[in-house]
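Order-wise, the sequence lines are chains A and B.
Count along the first sequence from 1, add 2, and you get the number used in my numbering.
Count along the second sequence from 1, add 14, and you get the number used in my numbering.
Beta carbons are placed, not taken as given, at the ideal position from N, Cα and C, and that holds for glycine.
These numbers were taken from a predicted model, which means no experiment stands behind them.
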Amino acid sequence: MNLASPFSLSLIAITALAFLGLPIGHSMIAGSILYLALAGLDMGTAAEQFLNGMYSNYIILAVPLFILAAELMNIGSMTDRLMAFCNAVVGRFRGGLAHVNILQSIIFAGMSGSAIADAAGTGKMMQQLMTKDGKYPASYAAALTAATAVIGPIIPPSIPMVIYALVSDASIGYLFLAGVVPGLLMAFAQMVIVVFDARRKGFPVEPPTPLRELPRVTWRALPTLMMPVVLLGGIYSGATTPTEAAAIAALYALLISVVLYRSVSFGEFYRSVLNSARTTASIGMLIAGALVFNYVVTVENIPQSLAVLLRAWDLSPTGFLILVNFVLLLLGCLLEGTTILLVIIPVLIPTAQALGVDMVHFGVMVVVNIMIGLITPPYGLLLFIMTRIAEVPLRDLVRDTMPFLMSMLVALALITFVPGLVLWLPRLLGYQG
Amino acid sequence: MASGWAPLGAWLYRRAESLLAAMLVAMFAAFLLQITFRYVLNLPIGWTNEISVVLWIWIVLFGAAFVVREEEEIRFDLIYGGVGPRTRRAMTLVSAAALIVLYGMSFPAVLDYVTFMKVESTAYLKIRFDWLFSIYIVFVVATIIRYLWLGFRALRGYETNRLDPTKASSGV
């Protein structure tokens, strides 16, 4: 590759600007403008790609709506009631609260599509519960919360999967379905680790909730427990598009918190809407920046060139998937997940297609990689959030995350090599692939 | 003198926040309306689609221009966060200069593109695209001013903001 070509220079500019600390969205737009200028193209194309890309990709609207839904769920007392329910079910076992953490994350994963929102929403309460009276070491509790939050976007709904669908044209509905088994598998692996740790480290048992209390606790949590059913039922019965389902999720959360539980003030509602709008603006800039830069990448025919290059290596589909896993895990240590999804994945997709890799299978594998990247140092957003919430040193947190990380790598290997595990449920519901 | 303007600035900032929040609520409402019309009343309508997409563009550009704070921006923090304040100021200065030059250079062409779009209107509401896309012009101007300000602050020796992982979120 010629280092003085407009494309190389723009790539260098984007990398340099991002390293200098310019927001990534701006870096990509600025670098793309540089490309247009050097290549003698119309610089207005940057605006055109930004605006038309945003205008014509209707499915991305699911992103702000899922963000809103997660914010609304976190302000009501939905979380408290869910916690009481989980405690009644699994609190009675050794390491009860650790199991509560996992079960609660599974249910939360069925309502929210963001790992960061899950950790930020329930992390603080879980941390307080688990460390009260020194029941669990603070770093262990924080590590567990970080690990269980990872499941959030793997079990549907999922914001990263919506973004993957945007760049790959794979069906959001089938992608969501495909995440169910891998997500549950990962949660199961975490429970196994907790069972061993609980015995070895002598974790406490919670006072068991009497069985006759169970119906009442379940009833109190029922509207929350029904949310995944409403959400996914809407999508798979064909009643709503995934984007509309996101709006319904937000409405449902709002109705439960405001009307049924009467636990939300106007001020809280306003703050959560504003927070969602802020997040929407900063993630929107990232998406738009990627749309502009992806135009440059397409003009330069980069994905096809890569496909040709890789074909010369004579990679088998499995070899390619292993390579992708290594690259993504490495990038996940350094980069932010959405950037990887928006910039790196589009370059890989033509090769994957040429090798006959199923796009839904590939998508789940990619998303699991991105999620693992959230807990791998030096750059792991979930680690950063949990060190803040739990006030534990990053080093201790990373140490206690290791067993969970290992279990996720095992799950990733299974997901990579046994496509049937991922595709079984979508196929059961009509996926032809 | 400067302190006299600060309350006004804070007031304007809060109103910008309210507007941003209102746009998100409106987008949410448009979706609910669309679902109600299609499934409850069996009357599919297209204009709600249009409104939500338009609001999405405006939320992103208006938010990025006026509401999103430095510590909420999604950035690559490994090097930026690891260096001392002096180096970080120098980095801010260089990247701000690059952004101002590149955005400034493209500005005439961007203005051309947006004004040219007056020839087209949206399918349902017949909103002229130059109006709809005008927020991009506002965004570019506001961004250039913001980075002039950030560069100026860095020159004067003010601490530049780092990323705050509990605030910056990219939706993952």
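### Message
At the 8 Å Cβ level, is B/E173 part of the contact set with chain A, yes or no?
### Response
Answer no: the Cβ-Cβ gap between B/E173 and chain A never drops below 8 Å.
### Query
Can you tell me whether DSSP reads A/V261 as helix, strand or coil?
Here A/V261 carries a helix assignment [DSSP, helix/strand/coil].
### Simplified DSSP state of B/S135, which is helix, strand or coil
Note: B/S135 maps to strand in three-state DSSP.
#### Entry: Touching by the beta-carbon criterion (3+ pairs, under 8 Å), the region 378-391 of chain A and the region 115-133 of chain A
Yes: at least three Cβ pairs fall under 8 Å.
### Task
Report, in whole angstroms, the separation of the C-beta atoms of A/I31 and A/A48, which I expect to be a contact under 8 Å.
About 6 Å separates the two Cβ atoms, so the contact holds.
### Message
For a cutoff of 8 Å on Cβ pairs, would you count A/Y176 as touching chain B?
### Response
Not an interface residue.
### A/Q434 classed as buried or exposed, judged by whether at least 16 other C-beta atoms fall within 10 angstroms
With fewer than 16 Cβ atoms within 10 Å of its Cβ, A/Q434 is classed as exposed.
### Task
Examine chain B for any beta-carbon lying closer than 8 Å to the beta-carbon of A/M56, and answer yes or no.
Taking Cβ atoms only, chain B reaches closer than 8 Å to A/M56, which makes this a yes.
### Query
Beta carbon of B/I159: closer than 7 Å to some heavy atom of the ligand ADP?
Judged by which ligands are present, the structure shown has none, so any question about the ligand ADP falls away.
### Task
List the whole-angstrom C-beta distance separating A/T403 from A/A145, where the pair is believed to meet the contact cut-off of C-beta under 8 Å.
With a contact defined as Cβ atoms closer than 8 Å, A/T403 and A/A145 qualify at about 4 Å.
### Query
Among A/P25, A/I285, A/V91, which residue has its Cα nearest to the Cα of B/L8?
One cannot answer for residue 8 of chain B here, as it falls past the ends of chain B, which runs 15 to 186.
### Query
Which ranges does the beta strand (DSSP E) cover as unbroken runs of at least 3 residues, wholly within the region 330-358 of chain A, from first to last along the chain?
List check, beta strand (DSSP E) in window: nothing returned.
### Task
Could you round the C-beta distance between B/E87 and A/S160 to whole angstroms and report it? I think they count as a contact, below 8 Å.
Going by Cβ atoms, the distance from B/E87 to A/S160 rounds to 24 Å, so no, they are not a contact pair.
### Query
Rounded to a whole number of angstroms, what is the C-alpha to C-alpha distance between A/Q355 and A/L13?
Straight-line Cα distance between these residues: approximately 25 Å.
### Message
Is there a C-beta anywhere in chain A that falls below 8 Å from the one on B/F51?
### Response
So, not an interface residue.
### Query
So, helix, strand or coil for A/V266, using DSSP?
Correct three-state label for A/V266: coil.
### Query
What does DSSP give as the partner residues of A/V369 in its beta bridges?
According to DSSP, A/V369 bridges with nothing at all.
### Query
Would B/V133 be called buried (16 or more neighbouring beta carbons within 10 Å of its own) or exposed?
Counting C-beta atoms within 10 angstroms of its own C-beta, B/V133 has fewer than 16 neighbours from the protein chains shown and is therefore classed as exposed.
#### Entry: Spatially closest choice to A/G382 from B/P21, B/R89, B/R167, by CA coordinates
It is B/R89 whose Cα lies nearest to the Cα of A/G382.
### Message
Distance check for B/I93 and B/A137, CA to CA, integer angstroms please.
### Response
Between B/A137 and B/I93, the alpha-carbon positions lie close to 47 Å from each other.
### Query
Tell me the DSSP bridge mates of A/V207?
For A/V207, which the question treats as bridged, DSSP gives the partners A/R96.
### Task
Look at the Cβ atom of A/L448, then the Cβ atom of A/N89, and state whether they are nearer than 8 Å.
With chain A covering only 3 through 435, there is no way to say anything about residue 448 of chain A.
### B/N111 versus A/L224: straight-line alpha-carbon distance, rounded
According to the sequence provided, residue 111 of chain B is Ala. The question's Asn does not apply to it. Distance between the alpha carbons of B/A111 and A/L224 is about 55 Å.
### Task
For A/D44, return the contacting residues in chain B, with the cut-off set at a CB-CB distance below 9 Å.
What A/D44 touches in chain B: A123, D126, Y127.
### Query
So with Cβ pairs under 8 Å, would you call B/R89 a contact of chain A?
Closer than 8 Å: yes.
### Query
Who pairs with B/R142 in a beta bridge, going by DSSP?
Paired residue(s): B/S135.
### Query
Terminal residues of the continuous alpha helix (DSSP H) containing B/V128?
In the DSSP annotation of this structure, the continuous segment of the alpha helix (DSSP H) that includes B/V128 starts and ends at 99-130.
#### Entry: Alpha-carbon to alpha-carbon, A/F68 and A/Q248
Note on residue identity: the sequence assigns Ala, not Gln, to residue 248 of chain A. Cα atoms of A/A248 and A/F68: separation of roughly 5 Å, rounded to the nearest angstrom.
### Message
In whole angstroms, give me the CA-to-CA distance for A/M287 and A/I250.
### Response
Rounded to the nearest angstrom, the two C-alpha atoms are 25 Å apart.
### Task
Within the region 35-72 of chain B, note down every full alpha helix (DSSP H) run reaching 4 residues or more, in order along the chain.
Segments of the alpha helix (DSSP H) lying fully in the region 35-72 of chain B: there are none.
### Message
On the DSSP letters alone, give me the boundaries of the alpha helix (DSSP H) that A/K1 sits inside.
### Response
Since the displayed chain A opens at 3 and closes at 435, residue 1 of chain A lies outside it and no answer follows.
### Query
Along chain A, which residues have their Cβ under 8 Å away from the Cβ of B/W25?
Taking the beta carbon of B/W25 as reference, no residue of chain A falls within 8 Å; the closest one sits roughly 16 Å away.
### Task
May I ask which residues mark the beginning and end of the alpha helix (DSSP H) holding A/E246?
Counted as a single uninterrupted DSSP element, the alpha helix (DSSP H) harbouring A/E246 occupies residues 244-256.
### Message
Counting only Cβ pairs nearer than 7 Å, list the residues of chain A close to B/T101.
### Response
The premise fails here: B/T101 is roughly 10 Å from chain A at the closest Cβ pair, so nothing lies under 7 Å.
### Sufficient close CB pairs (3 or more, under 8 Å) joining the region 360-377 of chain A to the region 399-419 of chain A
Flag = yes, the region 360-377 of chain A and the region 399-419 of chain A touch.
### Span separating the alpha-carbon of B/V128 from that of A/M132
CA-to-CA, the gap between B/V128 and A/M132 works out to about 55 Å.
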